[in-house]
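Okay, so here's the structure we're looking at.
Residue numbers (the numbering used here): 2 to 201.
Set out below in structure tokens:
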């Protein structure tokens, strides 16, 4: 599909997995299968103008990171991922909308790399209903509430569900998952979240 003039294909690649240590690169089937009801139209904050994300916090996964990287497309048409040296950072796909605009803003972070655990190492702790807070360059603080978690093979990446147009401000957070095969995680873990609060 085309988004912002770029062709998006397949799932995210990674920079090689570590041994995972004490962390689990999976989401519970019970939590992955469940989904929170969508917020009522009257309860949704209005969409905002563009402003780049500068900080991301996910209390349930012990994530508090910034500044946020800007990611484009790799030579093979897949979305870039942070480098091994940026393993503790989260990146934002700059070919899409910024968090708070109408549409799916896409954030990407490693579960681990060949160097060890990374920013999303505690992804298995995230549950439906958990908050994800994004601070933007305009100083606004946005709260997104997790609606759905999905673990899917990279060869079956749901491109339309992740990058396709939506009618409200949404967030996608993507990391790698599954047991390591030939030095890489075979799956992507995708977190879907809806904008539920804005603090100027």
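The beta-carbon is built from N, C-alpha and C at its ideal position, and this holds for glycine as well. Values in this document were obtained by computation on a predicted structure and should not be read as measured data.
Alpha-carbon to alpha-carbon, residue j and residue i
i           : j           : result
residue 87  : residue 111 : 9 angstroms
residue 187 : residue 157 : 10 angstroms
residue 47  : residue 180 : 40 angstroms
residue 131 : residue 140 : 22 angstroms
residue 21  : residue 125 : The predicted model places residue 21 with a pLDDT of 47, which falls under 50 and marks its position as unreliable, so this point remains unresolved.
residue 32  : residue 73  : Caution is warranted here: a pLDDT of 49 is assigned to residue 32, below 50, making its placement in the model unreliable, and no coordinate value can be reported.
residue 109 : residue 151 : 14 angstroms
residue 102 : residue 169 : 8 angstroms
residue 138 : residue 68  : 10 angstroms
residue 58  : residue 44  : 23 angstroms
residue 60  : residue 76  : 34 angstroms
residue 89  : residue 78  : 24 angstroms
residue 146 : residue 129 : 8 angstroms
residue 113 : residue 143 : 27 angstroms
residue 189 : residue 56  : 22 angstroms
N- and C-terminal bounds of the alpha helix (DSSP H) containing residue i
i           : result
residue 163 : 160-164
Residue i versus the options, residue with shortest Cα-Cα distance
i           : options               : result
residue 198 : 133, 182, 138 and 183 : 133
residue 115 : 131, 189, 183 and 201 : 183
residue 107 : 93, 166 and 113       : 93
residue 201 : 148, 135, 155 and 166 : 135
residue 155 : 104, 178, 113 and 56  : 178
Delimiting residues of the beta strand (DSSP E) encompassing residue i
i           : result
residue 133 : 132-137
residue 71  : 70-72
residue 124 : No beta strand (DSSP E) contains residue 124, which DSSP labels as neither H nor E.
residue 149 : 142-154
residue 197 : 188-200
Residue i at chain B interface by Cβ criterion, 8 angstroms
i           : result
residue 151 : Annotation note: the requested chain B is absent from the structure, which comprises a single protein chain.
Counting pairs of Cβ atoms below 8 angstroms between the stretch 113-130 and the stretch 58-67, do you hit three or more?
yes
At a cut of 8 angstroms, does the stretch 150-164 reach the stretch 186-197 through at least three beta carbon pairs?
yes
Can we say the stretch 166-174 touches the stretch 93-110, given the rule of at least three CB pairs closer than 8 angstroms?
yes
Contact between the stretch 76-91 and the stretch 44-52: three or more CB pairs below 8 angstroms?
no
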